[in-house]
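These protein sequence lines are chains X and R, in that order. Following full-length UniProt numbering, the numbering of the first sequence begins with 1 at its first residue and continues without gaps. Following full-length UniProt numbering, the numbering of the second sequence begins with 1 at its first residue and continues without gaps. Where a beta carbon is used, it is the ideal one built from N, C-alpha and C, also for glycine.
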Amino acid sequence: MGKIKPLAAAALIALLAGCGDQRVLESLAFVNATSYDLVQDKEDGAKENLLICIDVPKSDPEGKMKREVLSTVARSKKDAHLQLAKQTELMLVSGQLRSSLFGLSIARSGIWNYVRALVRDPSISQNVKVAVVNGNAGELLAKRYPEHPMTGQYIDRLLEKEADKMSVPRVTVYDFTRDFYDDGIDAVAPILKQGKKNIEVNGIALFDQDRYITRIEPDQMPIFALLRQNVKNGELSIDIKKSGEEAEQIMINSIVSRRKVKVRRGENGNFIVNIHFRVMGTLREYLGDLDMSDDRHRRELEKRVTASLLKDADAMVAMLRKHNVDSLGIGKRVRNSMSYKEWSKTDWNAVYPKLDIKVTGEMIIKDFGKVY
Amino acid sequence: MKEKLHHFHVAILIYMIQNGVIIMSLPRLVAQNFGYNGWIALIGLSLVATLNIFLISLVHRFGGGRSIFKLFEDVLPQFLLYPLYAFLTCIWALTGCLVAKNYVYIFQILSYNTTNAIYLMLLIAVLVFLFVIKGIYNLSKATTAFFWLSQWMILLLLFYFKDFEWARMTPFLFAGETHILEGGLSVFSAFLGYELYLLLIPYVDNYKKTMKAVMIGNLLTTFAYVAISIICFGFYSFEQLKHMAYPVLDLLSYIQLPFIERIESLLFGFLVFTTIITTGLYMWSAKETMHRILPKAGEKLLAFLIIGAALAVSWIPDTLSKVQQWLQFLSYSEIAVAFVLPLLLLAILLVRKGARP
């Protein structure tokens, strides 16, 4: 008996404590996606206000609408949240937030304040995806896509799937924050574009700190992936044109690639960076005049593909340097080849465009399918 | 004959007292105070703790396994003895209680945000009370069970290999802004707990085996701390780590299972086990000390009074940062206790040996 009393007391306290903060599922609105844009103030044209849209899936089985979109124009995010809460009978909670979309206007002026708010809120997962919208993010989110009634889920799954292939990097709040704070790499994010009936991935946004600078075009995304990270299960489609001949079309999938970055010092103390990638994959489609079952021919094709990849890679590195964005994380490797004293004295933004960067690589066709 | 603690239980007990919620912020503390690759400093601090343990084992050895209270009482007059005991009781009871409060406040970041913390504190207090009145032998057995219930979480570190990158660790050692001395003290507080070995002396037999067990407990702690910190340094960028209040909490929130997400509030719940042990053992120590002042009072009554009083005092700091300031102050005093108490006891033993050739 003596043992039961304290236990009963403990149980009572435990049960009573549970009454304090109730969350009834039916009265909650789980925000699934949020969008941020800057819009001009109607009265004062020079001032810019924040346009926030949220996508809330509806759990009502009898209702026709699968979701609700709320939007508001406000001066700050906090203000916006209060405004949005006034528009719904449910309690807005962000524990199920999956993606946050930033319109081009706001991405250009910097998104860190908004990402930091996502980091600070303990109810928001660090796996919330960050994406830039080519245009107005609010419009993309508010639009109805008849074949994809749950827009928030659609965006989340689209980004997830694209990241599983190698086309766009997987960028979550965690990734963005990590690269934002790292002094040896600049952050990136996938770009989404609103289509007539659907949403498509439309490139990769390159940031300097938290400001959008430039982008990688969709056809260059695989090259960017090869230069930036190790890839598993990617796809490549390449057209090789030779003067006076018809273009050869090559499609390679099941790609596994390794990237290596080496930094060494030149004679006059400058840095020489070598990015090397080794790509292995399966030939899925080939329109050209070489015979794949012949070893010599296959080597020849590998050479051509490698040359084409390297040409694109060189162009990409030049472009990145022109815009002074270190999206490949070369700074990390250069930093790690120095002493702390030297690195803290280095003005990376001034050094980076002048670096001597060489890209080398090889492409190996592991097999070529069932045709001999 | 009284049952003695097995050295396996002693090792686990020490490990569990040392471990606590501080692990949530430890990687940040290490980064802020020791700069790049600050996790290496943990090994140094662990060595300091080992040295301290060795010191305590000397007390164990030369005291012939007698309790420290008996050693004190043989030499010190009562007017010195009681203030000392009262001081120790206060430090230990408050440390225990604030450790629990710190846990509750961090827990409330995640869930039960607006519930009055007193309910959660009372819940822990009841458990701690039930725990303390069982006596040290049962306490150590319960600790072993709690150990298995909470420490499987170390295996979760395997989740982070995918996004781990050595390049983020940089080759810089202790570079950047550092606060070696001040930071060293606050990080060292993560190792505190081993000093309660002093009170375990009458409950164990062989001093060699016990010393080894305590050192193994400390080694386990070091291993857990270092492993978690290395993961954090390679998983987060350095500046990011410095800006995260609870990097390990964020680590937990990163885990996604196909069928469930956001399990950090569930996982953080498991840490209540280590918290109960830490609080429980400090409360037990406070009770043992108090018992010397009031030998006639019942053990249960003493435990009740001490836990109640500590709960009341711990009510004063009402924000998380105040709780952590108090804890820091208490841990400074505790570090002093951990070093001064064995030195004092050794001095007493030496003097007595000299007086009785």
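Just to confirm the assignment: which complete alpha helix (DSSP H) runs, minimum length 4, are found wholly within the stretch 257-328 of chain X? 295-322
Smallest Cα separation from X/Ile213: which of X/His323, X/Ala74, X/Asn349? As a working note, residue 213 of chain X is residue 213 in the first sequence. The shortest C-alpha separation from X/Ile213 is found at X/His323.
Name the DSSP beta bridge partners of X/Cys53, please? The residue given as residue 53 of chain X occupies position 53 in the first sequence. Beta-bridge pairing links X/Cys53 to X/Ser35, X/Ser71.
Starting from the C-beta of X/Lys77, find all residues in its chain whose C-beta is less than 6 angstroms away, skip the five residues before and the five after it, and write them out in chain order. Translated into positions along the first sequence, residue 77 of chain X becomes position 77. The answer, listed in chain order, is Ala117.
Please classify X/Arg335: does DSSP put it in a helix, a strand, or coil? In the first sequence, counting from the first residue as 1, residue 335 of chain X sits at position 335. Helix at X/Arg335.
Under 8 angstroms, Cβ to Cβ, is there at least one residue of chain R near X/Arg333? Position 333 of the first sequence, counted from the first residue, corresponds to residue 333 of chain X. So yes, X/Arg333 belongs to the interface.
Residue nearest to R/Cys97 in terms of C-alpha spacing, selected from R/Leu123, R/Met215, R/Val226, R/Tyr112: Residue mapping note: residue 97 of chain R aligns to position 97 of the second sequence, counting from 1. Measuring from the Cα of R/Cys97, the nearest candidate turns out to be R/Leu123.
Report all residues from its chain with a CB closer than 7 angstroms to the CB of R/Thr144; omit the five preceding and five following residues, and keep chain order. On the second sequence, position 144 is the one that residue 144 of chain R refers to. Correct list, in chain order: His9, Ile12.
Can you tell me whether X/Phe207 is helix, strand or coil according to DSSP? As a working note, residue 207 of chain X is residue 207 in the first sequence. In the structure shown, X/Phe207 sits in a strand (DSSP, three-state: E or B).
By the criterion of Cβ-Cβ separation under 8 angstroms, what are the contact partners of R/Ala303 in chain X? Translated into positions along the second sequence, residue 303 of chain R becomes position 303. Going along chain X, no residue has its Cβ under 8 angstroms from R/Ala303, so there is no contact; the nearest lies around 12 angstroms.
Please compile the residues from chain R whose C-beta is within a distance smaller than 8 angstroms of the C-beta of X/Asp182. On the first sequence, residue 182 of chain X is found 182 positions in, with the first residue counted as 1. Those are Arg168, Ser237, Phe238, Glu239, Gln240, listed as they occur along chain R.
At 7 angstroms on the CB atoms, spell out the chain X contacts of R/Pro171, in chain order. Numbered from its first residue, the second sequence carries residue 171 of chain R at position 171. The answer, in chain order, is Asn336.
Proximal chain A residues relative to X/Pro122, where beta-carbon distance stays under 7 angstroms: As a matter of chain content, chain A is missing from the structure shown, whose protein chains are X and R.
Return the chain-ordered ranges of every alpha helix (DSSP H) run that is complete within the stretch 243-274 of chain R and spans a minimum of 4 residues. 247-254, 264-270
What span of residues does the alpha helix (DSSP H) with X/Met363 cover, start to end? Numbered from its first residue, the first sequence carries residue 363 of chain X at position 363. No alpha helix (DSSP H) holds X/Met363; the beta strand (DSSP E) holding it covers 356-367.
Using DSSP with H/G/I as helix, E/B as strand and the rest coil, what is X/Gln96? Along the first sequence, one-based indexing puts residue 96 of chain X at 96. The answer is coil: DSSP assigns X/Gln96 none of H, G, I, E or B.
In the DSSP assignment, what residue or residues form a beta bridge with X/Met251? Along the first sequence, one-based indexing puts residue 251 of chain X at 251. Paired residue(s): X/Ser237, X/Glu285.
In three-state DSSP terms, what is X/Gln229? Numbered from its first residue, the first sequence carries residue 229 of chain X at position 229. X/Gln229: coil per DSSP, three-state reduction.
So, is the C-beta of X/Gly95 closer than 8 angstroms to a C-beta in chain R? For the purposes of this step, residue 95 of chain X is taken as residue 95 along the first sequence, with counting starting at 1. It does: the Cβ of X/Gly95 has a partner Cβ on chain R nearer than 8 angstroms.
Enumerate in chain order the residues of its own chain whose CB-to-CB distance from X/Ile199 is below 6 angstroms, with the five nearest sequence positions on each side excluded. By 1-based counting over the first sequence, the position of residue 199 of chain X is 199. Counting only Cβ-Cβ distances below 6 angstroms, and skipping sequence neighbours, we find Leu192.
Does the Cβ-Cβ distance between R/Pro342 and R/Leu71 come in under 8 angstroms? In the second sequence, residue 342 of chain R corresponds to position 342, counting from 1. In the second sequence, residue 71 of chain R corresponds to position 71, counting from 1. No, these two residues do not count as a Cβ contact at 8 angstroms.
If we count the other Cβ atoms within 10 Å of its Cβ and call it buried at 16 or more, is X/Tyr372 buried or exposed? Counting from one through the first sequence, the residue named residue 372 of chain X turns up at place 372. So X/Tyr372 ends up on the exposed side.
Own chain residues within Cβ distance below 8 angstroms of R/Ala86, not counting five before or after: Walking along the second sequence from the start, residue 86 of chain R turns up at place 86. The residues are Ile293.
Just grab the DSSP bridge partners of X/Tyr212 for me. Stepping through the first sequence from its first residue, residue 212 of chain X is reached at position 212. In DSSP, X/Tyr212 forms a bridge with X/Phe207.
From the DSSP output, in three-state form, read off X/Ala29 for me. Within the first sequence, the letter at position 29 stands for residue 29 of chain X. In the structure shown, X/Ala29 sits in a strand (DSSP, three-state: E or B).
Does DSSP classify R/Glu288 as helix, strand or coil? Mapped onto the second sequence, residue 288 of chain R falls at position 288. Note: R/Glu288 maps to helix in three-state DSSP.
Residues in the same chain with beta-carbon distance under 8 angstroms from R/Phe238, minus the five sequence neighbours each way, listed in chain order, please. Looking up residue 238 of chain R in the second sequence gives position 238. Hits under 8 angstroms: Ala31, Tyr36, Arg168, Thr170, Gly176.
Give the interface partners of R/Ile253 over in chain X, defined as CB-CB distance under 7 angstroms, in chain order. Counting from one through the second sequence, the residue named residue 253 of chain R turns up at place 253. The identity of residue 253 of chain R in the sequence shown is Ser, whereas the question assumes Ile. In chain order: Ser125, Gln126.
Indicate the three-state DSSP secondary structure (helix, strand or coil) for R/Leu192 in the structure shown. As a first step, residue 192 of chain R is located in the second sequence; it is residue number 192 there, counting from the start. Reduced to three states, the DSSP call for R/Leu192 is coil.
Quick check on the burial criterion: 16 or more other C-beta atoms within 10 angstroms. Buried or exposed for R/Ile316? Against the second sequence, residue 316 of chain R aligns to sequence position 316. Exposed, because fewer than 16 other Cβ atoms sit within 10 Å of the Cβ of R/Ile316.
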